[in-house]
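Report on the following structure.
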Amino acid sequence: MFSIRVLGFIVWQSIENFSDSLSISAMAKNRAKKKRGGAVSMDLTEPTVSDIPQAMDTSESGALKPVSVMLNIKTKKGRPMKRSKNVRKKKTVEKAISTNEKYIEKSLKNESRSLSVQSAKSLYD
Numbered sequence: 001m002f003s004i005r006v007l008g009f010i011v012w013q014s015i016e017n018f019s020d021s022l023s024i025s026a027m028a029k030n031r032a033k034k035k036r037g038g039a040v041s042m043d044l045t046e047p048t049v050s051d052i053p054q055a056m057d058t059s060e061s062g063a064l065k066p067v068s069v070m071l072n073i074k075t076k077k078g079r080p081m082k083r084s085k086n087v088r089k090k091k092t093v094e095k096a097i098s099t100n101e102k103y104i105e106k107s108l109k110n111e112s113r114s115l116s117v118q119s120a121k122s123l124y125d
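One point on numbering: in UniProt numbering, the residue at position 97 of the sequence shown is 97, and numbering is uninterrupted.
Written as structure tokens, this is what we have:
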């Protein structure tokens with residue numbers, strides 16, 4: 001029974017502190033609104049940038065940089081992932097790509113080896 005009363009008091013105090021912080025932030029907002037409410041006259045004597053004549057830009061623009069080639073991996077457009085989940089997902093994609101490249105290199109190596117063996121056999125036949 002004692003622990004429930006203590007917990008209730010702690011919860012009540014935290015709620016009271018929260019409401020105090022809300023009222024303080026509301027007062028700060030009202031103060032900011034009062035400062036913004038002052039009348040300011042607008043000076044129209046100076047010309048704007050669009051009114052001043054400007055020289056035409058005749059320089060040639062350089063070639064645009066090509067967009068980096070990205071893998072065609074579809075991602076779901078749902079709620080944003082947490083950072084740790086996103087990092088894990090990126091690591092698994094990178095790992096899958098690297099293993100795929102290893103398998104491609106292995107198969108090319110095996111093909112070249114088999115071709116060299118075939119050519120050696122044809123020389124001795």
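All residues carry an ideal CB built from backbone N, CA and C; glycine is no exception.
Span separating the alpha-carbon of residue i from that of residue j
i	j	result
Asn86	Asn30	41 Å
Glu94	Ala120	39 Å
Lys102	Glu111	14 Å
Arg83	Thr92	14 Å
Leu64	Ser114	Model confidence at Leu64 stands at a pLDDT of 49, short of 50, so the residue's coordinates are unreliable; what they give is reported in the following sentence. Cα-Cα distance, rounded: 45 Å.
Ser107	Asn100	11 Å
Ile104	Ala96	12 Å
Lys109	Lys90	29 Å
Tyr124	Gln118	10 Å
Ser98	Arg88	15 Å
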